[in-house]
Amino acid sequence: MIASESDQELAELGCVQRYLELYEVPKKVLIHAPPLQVPRIVATLLVTLVVVVWLITGLRFYELNDISISNSFLQLAPPFGMLACDGFDFNCDDIPSKSNNIPSYCMEAALNRTQTVLHHDFFSRTNGYNKDRWPFGRPDVTAVCKRFDANDVLEEEGHPLIMTARTVVPQSRCNGIAGLDCIWRNVGFSVEFVEDVETFWLVLRHEVMAEGVHLRNPTSAGYVVVNGQTFRLHCTHSACKEAGIHQNSGDVPSCKSLAGGKACFSSTYADYLSLDLVLQAANVTLDSLLRMPGDSHRQSEPQISRRYLGASIAIDIRYTNTDPLSLWQWPNPGLKGSYIYTFRAMGDYAHE
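Numbering of the sequence shown is given in this note's numbering, commencing with residue 39 and proceeding in unit increments.
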């Protein structure tokens, strides 16, 4: 059968159609629309701008040079392990329990040496004394160690004074009419050392106030410098965290790492620093020997301890929140407020 020309053309078209159906490559159409990245970038920039404005308006850097301490309070607390008498008896419950170890300055040899030095200084023939006040001649000088409570040891008038020793001179009234040559007569001379005064605690509360700033030590991180090293005043009570006292201070050791009675800690009420730590921080030793005030111009050897003559120690408290490694406060922007104690010797008290 002979195919016509039209039939042949149709057959060729059918082959081409089947070829296209078998070998046609599928095509994808890309529709160009505004990308989703644009609103994301705008949102990120807006958030960053808000955060920067929040930090600029809220973050404040300040130091003690800009803010003065507006309120401070100092107390003296008895050593822990004190005798328990009556909670309302100030002359009993503050007296510390007696230690089994007698301090070196309370031993008989040391007390006898103190008696000899004081007797020579006050009542020797070269250091004349008022015989009218001592009509019975040179008295015997006695030196003893006694235990005192915190109320007897601390004197808060003016600059706080912490007693390490005291001189007691009993007197009796002269027989005669008041206003004549003799009114009072000295009848004794004794020295009383405060036993274990280093175990008492210095209690410190303070705060700083300025425009937009109010910091208190119970709500700030406290530090103390001892022998050039900084220690943290730790606070382990649960109330400290509630009050905002954080203990994340990096590698700064706490006062718990100090040996002996040199210790300090913080609470929601105040900071507690043992006098032993304060003395070490100020590089002061109470048992070092000094010259008597009247012998300071002479070439005599030091003979009396600083425990008798006394010393002056200054406390510097520096507030700051400029440490970039300190903690952030929330919700108020700003670095965590902190303060640091430094102690420095001002000289021997009797020589000032």
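Note that CB positions come from ideal geometry on N, CA and C, so glycine has one too.
Looking at the structure shown, is residue i part of a helix, part of a strand, or coil, going by DSSP?
i	result
residue 204	strand
residue 171	coil
residue 426	Outside the shown range of the chain (39 to 390) lies residue 426, about which nothing can therefore be said.
residue 379	strand
residue 267	strand
residue 322	coil
residue 153	helix
residue 244	strand
residue 346	helix
residue 184	strand
residue 311	strand
residue 306	coil
residue 231	strand
residue 147	helix
residue 272	coil
residue 189	helix
If we ignore side chains and look at the alpha-carbon of each, how far apart do residue i and residue j end up?
i	j	result
residue 159	residue 330	8 Å
residue 152	residue 313	23 Å
residue 132	residue 341	Note that residue 132 has pLDDT 48, beneath the 50 cutoff, so the model's placement of it is unreliable and the number below is only indicative. Rounded to the nearest angstrom, the two C-alpha atoms are 33 Å apart.
residue 375	residue 383	27 Å
residue 191	residue 87	59 Å
residue 161	residue 357	50 Å
residue 259	residue 235	28 Å
residue 224	residue 212	10 Å
residue 145	residue 227	19 Å
residue 141	residue 244	34 Å
residue 179	residue 301	36 Å
residue 181	residue 350	23 Å
residue 169	residue 205	19 Å
residue 253	residue 377	10 Å
residue 386	residue 316	16 Å
residue 257	residue 292	17 Å
residue 273	residue 305	6 Å
residue 326	residue 246	37 Å
residue 150	residue 177	15 Å
Take the Cβ of residue i as the centre, count every other Cβ of all protein chains shown within 10 Å, and call the residue buried at 16 or more, exposed below.
i	result
residue 171	exposed
residue 147	exposed
residue 114	buried
residue 193	exposed
residue 320	buried
residue 197	exposed
residue 303	buried
residue 270	buried
residue 174	exposed
residue 125	With a pLDDT of 38 at residue 125, under the threshold of 50, the modelled position of this residue cannot be trusted, and the question is left open.
residue 323	exposed
residue 207	exposed
residue 209	exposed
residue 343	buried
residue 202	buried
residue 255	buried
residue 267	exposed
residue 347	buried
residue 156	buried
residue 83	exposed
Assuming residue i and residue j make a contact with CB atoms under 8 Å, what is their CB distance in whole Å?
i	j	result
residue 307	residue 239	About 12 Å separates the two Cβ atoms, so there is no contact after all.
residue 232	residue 186	5 Å
residue 353	residue 381	6 Å
residue 241	residue 261	That belief does not hold up - the Cβ atoms of residue 241 and residue 261 are roughly 17 Å apart, past 8 Å.
residue 379	residue 263	7 Å
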